[in-house]
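In the working numbering, the protein residues as written are 26 to 465.
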């Protein structure tokens with residue numbers, strides 16, 4: 026759900042090679058299909074381009090502009106990130122067609138570096154496509170037409186999910202196996218109800234009849250989902266009451282997108298205990314309610330914006346992703362413990378030109394002068410499993426500061442941009458903490 030700044034541009038044409046076509050300065054006729062076709066700049070698609078029968082390694086972004094069409098068949102396309110989401114695929118009105126393709130980020134020296142797919146406007150049509158090393162396929166956050174139709178979509182390593190938003194999108198998955206992130210908005214209040222089975226083929230439609238604030242249409246046809254997420258935007262301290270009632274949801278990660286949130290809150294994990302309990306949790310104007318059917322939530326996502334944000338997340342919890350664009354957030358476990366866990370799949374703090382979370386969940390990038398301060402106290406940060414291919418990542422962008430106090434840390438990348446800062450005190454290191462200063 027992050028937009029990258031597009032830097033050095035490469036105007037892409039096609040050059041014929043045996044068995045396929047390459048983009049960018051390769052000598053025509055000199056490349057066997059087993060040799061990677063390496064592009065070391067951003068790729069901008071402004072016309073029809075065809076890539077076939079090749080391994081494409083791109084050290085940059087792929088941007089599909091209005092009028093551009095990229096046809097990829099019998100190929101592998103890898104964005105060669107050196108940290109997670111360094112590069113991304115972005116649709117700016119263009120069209121991507123993939124047939125018998127593996128596409129996504131890359132693996133280096135046993136570590137997975139994920140890219141992200143951002144369909145801001147345009148279309149993706151796929152058959153027999155595998156997505157790997159991804160932070161998600163994000164659907165239309167700017168209110169522009171978005172289409173994603175996939176047949177036999179498959180999961181490679183670390184694929185994340187198809188991420189719906191509250192903007193219009195037409196998404197159809199047929200005969201596929203992929204995880205899904207639904208979305209709803211609490212900005213206008215209202216009530217929704219969910220039944221989300223796993224590990225069995227389902228055929229159904231998700232739209233405004235299921236959830237408040239929805240303008241997308243998601244159709245699943247004979248498609249199996251093993252993990253569901255739900256992104257709940259428009260959460261605030263003073264908004265009208267909104268309630269989501271959870272039926273059978275055996276694998277669910279709720280994600281809270283809140284604006285100008287204030288006060289002290291908790292997000293218990295696992296929740297509920299036991300899984301068949303009838304209970305509720307309230308966060309701002311949003312209530313999640315269980316009814317005695319099986320619900321299993323073992324972690325949460327948290328995304329905060331608004332310069333008046335001043336919140337405390339108190340007590341034992343488990344957070345998979347955390348964004349703070351403006352304001353101040355303290356995440357604090359119990360004193361003397363590390364019982365507030367954060368896998369650091371991504372932690373991002375401060376200003377960056379990314380998709381933000383306005384009062385209604387629309388695009389609302391923070392102003393460059395706003396400060397963002399995150400305090401992580403009495404916490405366990407990163408992934409502690411032996412041999413985990415994902416290294417946790419914390420990024421302090423412009424005007425962002427991260428203070429880590431009394432923490433136990435697995436391997437982490439600590440990234441700073443512009444005047445962003447990350448400070449540590451009373452930290453037990455159980456893996457390498459690598460500092461990276463990003464210069465753009």
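We treat Cβ as the ideally placed atom computed from N, Cα and C, and that holds for glycine.
Measuring straight from C-alpha to C-alpha, what distance separates residue i and residue j?
i	j	result
residue 271	residue 186	20 Å
residue 255	residue 221	11 Å
residue 371	residue 273	28 Å
residue 180	residue 357	35 Å
residue 415	residue 434	14 Å
residue 147	residue 445	34 Å
residue 284	residue 166	16 Å
residue 447	residue 287	24 Å
residue 137	residue 183	8 Å
residue 204	residue 321	16 Å
residue 170	residue 110	24 Å
residue 141	residue 206	14 Å
residue 277	residue 119	33 Å
residue 237	residue 401	33 Å
residue 190	residue 376	21 Å
residue 366	residue 290	15 Å
residue 301	residue 319	5 Å
residue 112	residue 88	10 Å
residue 275	residue 63	43 Å
residue 150	residue 159	18 Å
residue 422	residue 459	16 Å
residue 253	residue 161	13 Å
residue 51	residue 65	In this prediction, residue 51 has a pLDDT of 38, which is less than 50 and means its spatial position is unreliable; what the coordinates show is noted afterwards. The alpha-carbon atoms of residue 51 and residue 65 are separated by roughly 11 Å.
residue 340	residue 305	17 Å
residue 420	residue 443	11 Å
residue 364	residue 211	29 Å
residue 425	residue 234	39 Å
residue 83	residue 99	17 Å
residue 338	residue 404	12 Å
residue 361	residue 450	14 Å
Among residues of its own chain, excluding the 5 on either side of residue i, which ones have a beta-carbon nearer than 8 Å to its beta-carbon?
i	result
residue 154	123, 124, 125, 126, 127, 128, 175, 177, 178 and 179
residue 226	247, 248 and 249
residue 325	278, 279, 280, 281, 292, 294, 342, 343, 344 and 345
residue 200	176, 177, 246, 247 and 248
residue 316	270, 271, 272 and 303
residue 386	Legend: pLDDT at residue 386 = 37, less than 50; position of this residue unreliable, value from coordinates given subsequently. These residues qualify, in order along the chain: 190, 191, 208, 210, 212, 238, 258, 259 and 282.
Nearest to residue i by CA position, among the options, is which residue?
i	options	result
residue 461	440, 453 and 448	440
residue 259	102, 282, 375 and 173	282
residue 247	265, 228, 235 and 92	228
residue 406	347, 289, 206 and 337	347
residue 327	342, 84, 314 and 62	342
residue 70	335, 117 and 340	117
residue 373	359, 354 and 430	354
residue 427	411, 457, 369 and 454	369
residue 230	197, 302, 211 and 419	197
residue 101	432, 218, 61 and 317	61
residue 417	437, 431 and 430	437
residue 323	336, 299 and 331	299
residue 265	235, 144, 307 and 152	307
residue 202	115, 121, 193 and 156	156
residue 193	219, 163, 214 and 218	163
residue 139	85, 68, 219 and 410	85
residue 332	395, 145 and 68	395
Using three-state DSSP, classify residue i as helix, strand or coil.
i	result
residue 241	coil
residue 274	strand
residue 144	strand
residue 466	There is simply no residue 466 to check, as the chain begins at 26 and stops at 465 in what is shown.
residue 20	Lying before the first or after the last residue shown, residue 20 is absent from the chain, which here runs from 26 to 465.
residue 319	coil
residue 420	strand
residue 387	Residue confidence for residue 387 is low, a pLDDT of 37 falling below 50, so the modelled location carries little weight; the figure read from the coordinates is stated next. The answer is coil: DSSP assigns residue 387 none of H, G, I, E or B.
residue 8	Because the chain spans 26 through 465 in this model, residue 8 falls outside it and cannot be assessed.
residue 203	coil
residue 183	coil
residue 109	coil
residue 303	coil
residue 485	The requested residue 485 does not occur in the structure, where the chain is confined to residues 26 to 465.
residue 367	strand
residue 453	strand
Within the same chain, show all residues whose beta-carbon is closer than 6 Å to that of residue i, passing over the 5 residues directly before and after it, in chain order.
i	result
residue 57	With a pLDDT of only 41 at residue 57, under the threshold of 50, the placement of this residue in the model should not be trusted; the figure read from the coordinates follows. So the list is empty, once near-sequence residues are dropped.
residue 309	260, 261, 262, 283 and 286
residue 172	148 and 195
residue 224	251
residue 455	435
residue 114	87 and 142
Report all residues from its chain with a CB closer than 7 Å to the CB of residue i; omit the five preceding and five following residues, and keep chain order.
i	result
residue 268	216, 312 and 314
Does the ligand ADP have even one heavy atom less than 8 Å from the beta-carbon of residue i?
i	result
residue 418	Of ligands this structure carries none, so the ligand ADP is not represented either.
With contact counted as at least three CB pairs below 8 Å, one residue from each stretch, are the segment 238–249 and the segment 285–303 in contact?
no
Cβ contact check for the segment 130–143 and the segment 93–111: 3 or more pairs under 8 Å
yes
Is the segment 59–75 in contact with the segment 83–96, if contact means three or more CB pairs nearer than 8 Å?
Short answer: they touch.
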